[in-house]
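The opening position of the sequence shown corresponds to residue -3 in my numbering, with each subsequent residue numbered one higher. The beta-carbon is built from N, C-alpha and C at its ideal position, and this holds for glycine as well.
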Amino acid sequence: MKELAKTYDPKAMEDRIYGEWLEKKYFHAEVDRSKKPFTIVMPPPNITGKLHMGHALDNTLQDILIRYKRMQGYNALWIPGTDHASISTEVKVINQLKSEGIDKNELGREGFLKRTWEWREEYGRTIVDQLKKIGSSCDWDRERFTMDEGCSKAVQEVFLRLHKKGYIYKGSRIINWCPVCKTSISDAEVEHEEQAGHFWHINYPIKGSDKFVEIATTRPETLLGDSALAVNPDDERYQDIVGKTVILPLVGREIPVIADAYVDKEFGTGVVKITPAHDPNDFEVGKRHNLPEINILNDDATINENGGKYAGMDRYEARKVMVEELKEQGLLVKVADHVHNVGTHDRCGTTVEPMIKQQWFVKMEEMAKPAIEAVKNGDLTFVPERFDKTYLHWLENIRDWCISRQLWWGHRIPAYYCDDCGEIVVDREMPSVCPKCGGTHFTQDPDTLDTWFSSALWPFSTLGWPENTEDLDYFYPTDVLVTGYDIIFFWVIRMVFSGYEQTGKCPFHHVLIHGLVRDSLGRKMSKSLGNGIDPLEIIDQYGADALRFTLVTGNAPGNDMRFYMERVEASRNFANKIWNASRFIMMNMPALKENEQSAAELSGEEMDLTQLTGADKWILSKVNTLAQDVTANMDKFELGIAVQKLYDFIWEEFCDWYIEMVKPRLYNEEDQTKAAALWTLKTVLTNALKLLHPYMPFITEEIYRNLTGEESIMISAWPEFKAEWSFQKEEAEVELIKEAVRSIRNVRSSMNVPPSKKAHVIVVSEKPQVREVFEGSKAFFGTLSYASQVTVQEDKSGIGEDAVSALIPDAAVYMPFAELVDLEKEIERLKKEEERLTKELARVNGMLSNEKFISKAPKSKIDEEKEKLEKYTQMMNQVKEHLAALVK
């Protein structure tokens, strides 16, 4: 047994310990049919990023679960990896090139991709190294990247299979277009935010009459692409104009008035303009009525050639000019303020334009069905359960998934166009001959796939799919997915329907949802607010264990948490407490080496439990129940509840109570129960360290190795409940002692008696079993209650009238007053306090009876003085009461 360093210094040990774990391959898992597997796949962080608090929380939760299951004997595999993050990475590299004065297009596709792979090599390792700093026990030998050879092969295979099945198609559909990133984005990447805008009411002249039809729009510039006006077929106000044509303002083009049930009679004027190329609902109306689809926007959101004289203007510039011209022509009826939801790109914050474009889509209706059924039949469970609703709402209202992106970085779509006839061939490689015209020249589709297309395959592509590998057979489906509530529809849903479609199985059994880490004011951490906290700085200052403990304490599944520096300090203090307690215990261990039999007992797994005292049995029983409770909490993913129980047990029960209880036995060379005390201390500490290890892996490893001499806590067995360690009688007895100690300390505190001032403590109880408890615990009870001596008796005989008392169940505790307080000094002190309070009361009463003060002072100041009056009056009553008792 080695002695611990004098002070706990995480910097001196965390990197060393992590290096030893890696060297000994503790994180590595291979197929072992004799063990039950437990698998987690890491949500792959983007190669553009560095570790932030969200990553720290997400990976701490995963690490807790994987370390817990590893200790329980499972073959625990945690697969790490990173995501190529197409849009984010491409933007980063473009900006890097700009700073060098290079345009992306000058480099060309191959040159740009070469630079992006260089970026990945340089920055892709950053976040991995940082994940190691927080103690992530991933199998780094199995680290994957969404664009590595295996994952890319899986992506291509899925595309080919879905296309062959008819689930992937190319077509003109309304998509979300980002004019800044110049790419389509999925519905999940659109954030809707309320913005102040306007309703522009515009008159459309009815052809061949002097009448007008009034419509209201939030986007007047889109009238350039109008194909019709629509009214509800049941709206009697407009029956006479259905089938007629109106003249499109500013353009002069004639468009029909149609009837369609899509129109809400109660909303606005009851007439809506139909712009099929720039609104998803209008697109569907247009399909029903065979209306032309007129796209009026370029990819950068400037007006295109279909906009006539407005061509080349930015969309908002065109809006201003058009509104002014409508006003001049007398066609602008009015402008009304209107707050509405506007879609913005979650990456760059640009207002998204719905645009009709040729894109690749995945049909979702059939693929969504097994994913919906998975939650309904219990194959997939969310923790907390309420996220079922988010998941099901998204799936039950899902639209076809636009999977093509106008980017260079990513998985390129395996589709090839015949240069001669335009035939599309989807294949693994560029075909040599066109199956339609026999042509031999092909061009590959320039688009890449949505990032989520590849990460949707992550749980099985990382295990070797599409090959039927032994890893896939053994480790898949995975057990738990840990992720934030913000990517349920981005990623979770897509993994589930992809898992069912490609493997016939749900990719994981449970989804543990966590919230965001917010700042101490409850605000989301962001660059713009400047309120982000770097986890690496916290680790550098306080250690990884303190950060991890802080992130989990009080954390409930699905809920956001606030991050306070005070909590980090409290976590570091907890680590110090454990360190100092462990050091104290280990410093007392060598004393037993002289006694060979005791030393043998101490190093063994068990000892004769009849040799234990009531206090020993109490703490052993407590740690036994703790193991049962913590295990139950962790199995239900209640990690925050489990860690609170660990904190309470280690700090209070073990350090503040038990260690103080046994000190008299450790310091008494004649005490025959010393070996039992040391065995109990070591056994309880060992079990507590094991239970705490998933949360605070470094400090528990360092102490455990030195305490036990064993190789590693990581490969030790998780504590289980033992019936023979359950001592209910001793638990009740020690709780009674603790109650008495607390009562005594409260009395002494109320009388300002310092701990150094000892007093005779007399316990009175009519019940023999209660007296027996106190007789048997005199040694530690006396120490804890600052007693000069302890007497246990049946009645109050011999106890003076002035004795101070404290009541507990089935007993009363007495202390002679004179032994607690120096009578003359206490009377003198109370008289001085009486004088001080008399002056304070006179001052407060004087102010509150002064009419000028009452009429002119702020209410808060008057209330403050009233509170003082109440407080001083109460204090004066107590002082007088104490004086009356003393001066008899």
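| Asked | Found |
| --- | --- |
| Cα-Cα separation between Glu597 and Asp137, rounded to whole angstroms | The pLDDT assigned to Glu597 is 48, lower than 50, so where the model puts this residue is not dependable; a value taken from the coordinates is nonetheless given after this. The alpha-carbon atoms of Glu597 and Asp137 are separated by roughly 41 Å. |
| Those residues which DSSP pairs with Thr444 across a bridge | Arg401 and Arg408 |
| Where His334 falls, given that 16 or more other Cβ within 10 Å makes a residue buried | exposed |
| Residue range of the unbroken alpha helix (DSSP H) whose run includes Cys174 | Note, Cys174: premise wrong, no alpha helix (DSSP H); beta strand (DSSP E) at Ile164 to Cys174. |
| Cβ neighbour criterion (16 or more within 10 Å) applied to Phe263 | exposed |
| Three-state secondary structure (DSSP) of Cys414 | strand |
| Whole-Å CB distance - Phe141 paired with Gly69, under 8 Å assumed | Contact flag wrong, Cβ pair sits at about 31 Å. |
| The segment 490 to 498 touching the segment 7 to 21, judged by at least three CB pairs closer than 8 Å | no |
| Separation of Leu322 from Leu220, as counted between CA atoms | 13 Å |
| Euclidean distance between Cα positions of Trp454 and Asp482 | 18 Å |
| Sequence-distant residues of the same chain with beta carbon closer than 7 Å to Ala52, five excluded per side | Ile130, Pro531, Leu543 and Leu547 |
| Beta-carbon proximity check, Ala255 vs Val238, cutoff 9 Å | yes |
| Straight-line gap, Glu590 to Tyr654 (C-alpha atoms, nearest Å) | Any reading at Glu590 is ruled out, since the residue's pLDDT is 48, under 50, leaving its predicted position unreliable. |
| Tyr700 versus Asn683: straight-line alpha-carbon distance, rounded | 10 Å |
| Rounded C-alpha distance that separates Pro553 from Gln126 | 24 Å |
| For Phe694 and Ile83, the rounded distance between their alpha carbons | 37 Å |
| Beta-carbon contacts of Arg311 that lie in its chain and below 6 Å, excluding the five residues immediately before and after | Glu217 and Ala297 |
| Whole-number beta carbon distance between Thr549 and Gln640, since they are thought to touch under 8 Å | 7 Å |
| Trp234 in three-state terms, based on DSSP | Here the sequence assigns Tyr to residue 234, which means Trp is not the residue at that position. Helix, per DSSP. |
| Residue burial classification, Val429 (beta-carbon count within 10 angstroms, cutoff 16) | exposed |
| Asp791 and Val760 closer than 9 Å at C-beta | yes |
| Cβ contact (3+ pairs, closer than 8 Å) linking the segment 31 to 40 and the segment 464 to 484 | yes |
| Euclidean distance between Cα positions of Ser132 and Gly308 | 53 Å |
| Proximity to Ala888 [Cα-Cα], best of Ser851, His505, Pro288 and Lys20 | The structure shown does not extend to residue 888, since the chain is modelled only from -3 to 884, so the question has no answer here. |
| Rounded Cβ spacing between Thr346 and Pro175 (contact assumed at less than 8 Å) | 6 Å |
| Buried or exposed by the 16-neighbour rule on C-beta atoms within 10 Å, applied to Val253 | buried |
| Exposure of Val885, with buried meaning 16 or more beta-carbon neighbours within 10 Å | Absent from the structure is residue 885, since the part of the chain shown begins at -3 and ends at 884. |
| Residues sharing a beta bridge with Ile804, DSSP | Ala807 |
| Contact check, Phe108 vs Trp404, beta carbons under 9 Å | yes |
| Cα-Cα separation, Met67 to Val507 | 22 Å |
| Beta-carbon proximity list for Leu837, same chain, < 6 Å, skipping 5 on both sides | Tyr868 |
| Touching by the beta-carbon criterion (3+ pairs, under 8 Å), the segment 357 to 369 and the segment 388 to 401 | yes |
| The segment 613 to 628 touching the segment 571 to 587, judged by at least three CB pairs closer than 8 Å | no |
| Exposed unless 16 or more other CB atoms sit within 10 angstroms - verdict on Gln498 | buried |
| The segment 803 to 817 contacting the segment 746 to 766, beta-carbon criterion three pairs below 8 Å | yes |
| Option in Ile529, Ile535, Asn629 and Val488 with minimal Cα separation from Pro40 | Val488 |
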